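Q: Sequences listed follow chains A and B, in order. Position 294, counted from 1, in the first sequence is what the working numbering calls 489; the numbers after and before it change by one each time, with no gaps. Position 112, counted from 1, in the second sequence is what the working numbering calls 391; the numbers after and before it change by one each time, with no gaps.
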Amino acid sequence: MGSDNEKSIKANPLNEQPLRLQEVREQWMLLGLAAPAVLIIVAIILIPVGWLFYLSFVGSDGQLSLEHYQKMIQYKSYARVFMTTFQVSMLTTLICILIGYPLAYFLALLPQRLAGFFMLAVLLPFWTSLLVRTYAWLVLLQRKGILNDFAIHIGLWETPIKLVHNMTGTLIGMAHIMLPFLVLPLYGAMRKIERDMMHAAANLGASPIHAFWKIFFPLSLSGLVAGSLIVFVLCLGFYVTPAVLGGGRVVMVATQITAILENQFDWGAASALGVVLLVATLVILYAASRLLKLDSALFGKH
Amino acid sequence: MANQISNKSSDTPSALPISIRGLTKKYGRLHALDSVDLEIKSGEFLTLLGPSGSGKTTLLMAIAGFNRPDAGSVRFAETEMILTPPHRRDVGMVFQSYALFPHMTVAENIAFPLKLRRVGSGECADRVAAALATVQLSDLGERKIDQLSGGQRQRVALARAFVFRPRILLMDEPLSALDKKLREQMQIELKHLHRQLGVTTVYVTHDQREALTMSDRIAIINHGRLTQVDTPQAIYNHPANSFVADFIGESTILPLSRDDSGKLLFEGHLISSSPTQDSGGAWSLVIRPERLFFIQDSAADSEQAIVFDGMVKEFVFQGETAFVLVSIADKYNLSVRFGTNSFSSQNAMQPGDRVSLGLHRKDVIVIPQSM
């Protein structure tokens with residue numbers, strides 16, 4: 196008995212068709228879940244960016260031309276704006292690392308519950324309006340501001356120091372606003388480092404300083420790279436804080452774009468600036484990814 | 280606390296004795312370690328055995344220097360180490376999680392302690408190769424840690440712990456993440472390695488079988504106190520109290536009564552005419568399941584053996600052994616275990632069958648009843 200039956204099952208496996216249909220249906224349903232997000236990305240990112248990209252190649256006479264890009268090469272002021280943008284972004288990232296690394300380290304060493312409390316202190320400003328925080332710095336740092344008054348009162352310096360409407364003020368404000376973007380991924384990476392790792396290093400004969408540089412720091416590097424890149428890229432396009440605290444003396448690309456739009460109403464020139472910034476950012480990210488194996492840093496693979 | 284001499288205590292210069300006195304560590308109100316005294320002999324394989332939360336890992340961490348005890352002394356030979364930071368203690372350690380460095384290759388992991396000791400690059404390479412050969416991983420030096428299996432990681436952790444020739448080796452449940460077969464294989468290998476290196480080894484486990492398999496001596500710890508420190512045979516055959524009797528091996532613990540002349544009785548059976556020491560308290564009888572044997576015809580107690588009559592409640596075939604639960608005096612359940620190669624007639628035992636069980640008098644274990 197059964198041999199005929201077995202042959203027919205091999206030739207025509209049981210329920211093959213409905214099982215495959217079920218799988219296909221599930222895949223379509225998953226795609227359906229993603230559909231709204233895909234639509235939004237197309238509608239509010241791809242289309243406008245594409246339109247601006249097109250505008251940047253339209254000259255003042257309405258014909259296709261490269262005149263906006265030629266202007267950017269001709270006039271030194273544009274180069275200066277890009278230099279300032281990269282300089283401010285780099286310095287802000289550096290300041291964030293110097294302040295953020297010890298902070299994340301401290302948080303990672305705390306017991307989970309206590310760390311959550313202190314993390315609130317990092318996140319609280321994060322939830323406050325950007326504008327409020329920026330103007331708060333203005334109040335603190337201006338000539339007759341709280342910091343100058345206090346320093347003069349206790350005799351640190353005699354005449355008010357210029358702390359705002361310049362590079363110093365811009366960097367202070369931006370570093371403050373960017374700090375959580377660095378601390379969060381860094382803290383996550385540090386939490387993942389088992390405590391046994393440091394015990395093992397000590398047990399094998401490494402002094403605390405040695406253990407930090409040979410074991411802890413390399414293992415936290417993925418978080419540091421991810422956080423630094425996020426901060427750097429966000430800084431490149433930052434508008435509000437440099438505009439308010441820079442007081443017109445720190446001209447970054449975003450500020451320049453606004454100026455062109457407000458003063459000359461030249462959509463083409465403004466778009467060209469935006470396109471160059473976007474391309475420059477992508478080039479930097481690509482270079483960083485080649486140098487540092489970015490995908491493993493951003494997606495937390497080891 | 281019985282403290283018999285271990286069967287071997289070689290005094291090779293490659294090993295150091297450890298002397299622990301009055302070691303106390305409190306976490307809040309909980310005594311993780313409650314004034315622990317322990318002498319570990321040079322070259323000995325000593326296992327700290329206890330349930331989770333008993334303080335065994337805390338004790339190991341105190342020897343390694345990872346926690347700061349509230350009081351006490353830890354000496355390696357004559358040198359007081361209690362204030363010495365971990366990186367100057369020069370002890371090897373295998374962690375439960377292995378704690379291998381994921382950003383280094385296998386060879387770099389093993390070379391790490393050598394580089395810190397400024398061993399020359401030529402000698403360093405030789406010693407790494409020798410350590411890899413010892414743990415049978417010679418071909419895997421260039422692998423990354425995440426390319427290794429659990430068993431291979433375990434071996435790398437081991438190689439890294441002994442490559443710098445420490446005179447004390449600590450192991451914190453090193454085999455707990457491995458599957459049963461691999462674990463039993465590694466137990467034998469670790470024992471072999473210990474004999475080869477001759478290093479004083481302190482091993483932490485909650486697995487009593489592992490402790491019995493590997494140790495020269497076992498220190499049983501519970502609620503931060505040492506309950507009994509002795510050889511595996513002595514602990515199995517003469518448990519100091521019901522905690523040890525229950526924790527090591529299988530056992531049935533039965534209450535004993537005392538007659539006017541001080542003799543200890545169980546349901547009319549004379550168990551012992553003179554308990555080892557008269558504590559005035561109550562005593563219990565401990566019966567190991569494999570020490571009971573079936574008797575064909577019911578008999579009375581004799582010079583050699585005590586005979587219990589009972590009824591089979593449960594019969595479980597488990598491969599190499601079978602397990603039978605026998606109810607005696609309608610009150611107590613006796614566990615019986617026997618090899619399935621013999622007693623073929625008992626293989627067909629049914630619940631409800633009446634049986635007689637014998638226990639040799641030399642297998643009688645009497646312990647003071649726990650409070």
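Glycine residues also receive a C-beta, built at the ideal position from the N, C-alpha and C atoms. All of these numbers come straight from a predicted model, not from anything done at the bench.
1) How should B:PHE391 be labelled, buried or exposed, when 16 other C-beta atoms within 10 angstroms of its C-beta is the threshold for buried?
2) Alpha carbon to alpha carbon, how far is B:GLU468 from A:LEU304?
3) Given B:ARG434, which residues of its chain have a CB within under 6 angstroms of its CB, disregarding the five upstream and five downstream residues?
4) Using the Cα positions of B:ILE342 and A:LEU381, report the straight-line distance between them to the nearest angstrom.
5) State buried or exposed for B:GLU421, treating a residue as buried only when at least 16 other CB atoms are found within 10 Å of its CB.
6) With A:LYS401 and B:HIS366 assumed to form a contact (beta carbons below 8 angstroms), what rounded beta-carbon distance in angstroms separates them?
7) Could you have a look at B:TYR306 and say whether DSSP puts it in helix, strand or coil?
8) Could you please tell me which residues of the segment 585 to 609 of chain B, in chain order, have their CB closer than 9 angstroms to any CB of chain A?
9) Could you have a look at B:ALA390 and say whether DSSP puts it in helix, strand or coil?
10) Leaving out five residues before and five after B:SER521 in sequence, what residues of the same chain have Cβ atoms less than 8 angstroms from its Cβ?
11) Taking B:SER293 as the reference, give the member of B:ILE527, B:HIS485, B:ARG446, B:LYS335 with the closest Cα.
12) What's the gap between the Cα of A:GLN336 and the Cα of A:ALA299?
13) Just the Cα atoms here: how many angstroms apart are A:LEU429 and A:LEU214?
14) Could you tell me which of B:SER614, B:THR619, B:HIS473, B:ASP580 sits nearest to B:ARG570, measuring between CA atoms?
15) List the endpoints of the continuous alpha helix (DSSP H) containing B:TYR611.
16) Just to confirm, is the Cβ distance from B:ALA404 to B:ALA438 under 8 angstroms?
17) Could one say the Cβ of A:ALA401 lies closer than 8 angstroms to chain B's Cβ atoms, at least one of them?
18) For B:LYS287, I'd like the list of residues in its chain whose CB is within less than 6 angstroms of its CB, leaving aside the five on either flank, ordered along the chain.
19) Closer than 8 angstroms by beta-carbon distance: list the chain B residues that pair up with A:PRO413, in chain order.
20) Determine, using beta carbons only, whether B:GLN507 and B:VAL523 come nearer to each other than 8 angstroms.
21) Run the CB neighbour count on A:VAL233, radius 10 Å, all protein chains shown included, and call it buried at 16 or more, exposed below.
22) Under three-state DSSP, which class holds B:PHE441?
23) Closer than 8 angstroms, Cβ to any Cβ of chain A: which residues of the segment 389 to 411 of chain B, in chain order?
24) Quick one: does A:ASN398 have its CB under 8 angstroms from some CB of chain B?
25) Evaluate contact between the segment 403 to 410 of chain A and the segment 452 to 465 of chain A, counting only Cβ atoms and requiring at least three cross-stretch pairs below 8 angstroms.
26) Using CA atoms only, rank isn't needed, just tell me which of B:SER314, B:LEU379, B:LEU454, B:LEU295 is closest to B:ALA356.
27) If we require 4 or more residues per run, which alpha helix (DSSP H) segments fall completely within the segment 446 to 484 of chain A?
28) If B:VAL586 sits next to B:ILE574, beta carbons under 8 angstroms apart, how far is it from one beta carbon to the other, in whole angstroms?
29) List the residues of chain A that B:ARG439 touches, going by C-beta distances under 9 angstroms, in chain order.
30) Going by C-alpha distance, which of B:LEU505, B:PHE380, B:SER455 is nearest B:GLY334?
31) So is B:ALA378 in contact with chain A if we call contact Cβ pairs under 8 angstroms?
32) Flag B:VAL264 as yes if its beta-carbon sits less than 8 angstroms from any beta-carbon of chain A, otherwise no.
33) For the alpha helix (DSSP H) holding A:GLU262, just list the boundary residues, first then last.
A: If we stick to the structure as given:
1) So B:PHE391 ends up on the buried side.
2) So the alpha carbons of these two residues sit roughly 37 angstroms apart.
3) Only VAL414, LEU416 meet the Cβ criterion.
4) Using only the alpha carbons, I get a separation of about 33 angstroms.
5) So B:GLU421 ends up on the exposed side.
6) Note that residue 401 of chain A is Ala in the sequence shown, not Lys. The Cβ separation is near 6 angstroms, so the contact holds.
7) Note: B:TYR306 maps to strand in three-state DSSP.
8) Cβ contacts with chain A: none found.
9) The answer is helix: DSSP assigns B:ALA390 an H, G or I state.
10) Around B:SER521: ILE532, SER563, VAL565, ILE646, GLN648, SER649.
11) Taking only the C-alpha atoms, the option nearest B:SER293 is B:ARG446.
12) Note on residue identity: the sequence assigns Leu, not Gln, to residue 336 of chain A. Taken atom to atom, the span from the alpha-carbon of A:LEU336 to that of A:ALA299 is near 26 angstroms.
13) A:LEU429 and A:LEU214: Cα-Cα distance of roughly 47 angstroms.
14) Measuring C-alpha to C-alpha distances from B:ARG570 to each of B:SER614, B:THR619, B:HIS473, B:ASP580 identifies B:SER614 as the nearest.
15) Careful: B:TYR611 lies outside any alpha helix (DSSP H), inside the beta strand (DSSP E) at 611 to 618.
16) No, these two residues do not count as a Cβ contact at 8 angstroms.
17) Yes, A:ALA401 counts as interfacial toward chain B.
18) Residue placement at B:LYS287 is flagged as unreliable, the pLDDT there being 38, under the threshold of 50; the coordinate-derived value follows with that caveat. Same-chain partners within the cutoff: there are none.
19) Chain-ordered, the chain B residues with CB closer than 8 angstroms to the CB of A:PRO413 read HIS382.
20) Closer than 8 angstroms, so yes.
21) Result: exposed.
22) Here B:PHE441 sits in helix by DSSP.
23) Correct list: PHE391, PRO392, LEU395, ARG396.
24) When Cβ-Cβ separations below 8 angstroms define contact, A:ASN398 makes contact with chain B.
25) No, because fewer than three Cβ pairs between the segment 403 to 410 of chain A and the segment 452 to 465 of chain A fall closer than 8 angstroms, the two stretches do not touch.
26) That would be B:LEU295, whose Cα lies nearest to the Cα of B:ALA356.
27) Runs found: 448 to 458.
28) Between the beta-carbon of B:VAL586 and that of B:ILE574 there is about 6 angstroms, and that keeps the pair under the 8 angstroms contact cut.
29) The contacting residues are ALA395, LEU399.
30) Residue B:LEU505 is the option with its Cα nearest to B:GLY334.
31) Chain A has a Cβ within less than 8 angstroms of the Cβ of B:ALA378.
32) Coverage of chain B is limited to positions 280 through 650, which leaves residue 264 of chain B absent and any answer about it impossible.
33) Annotation for A:GLU262: the continuous alpha helix (DSSP H) segment containing it runs 262 to 269.
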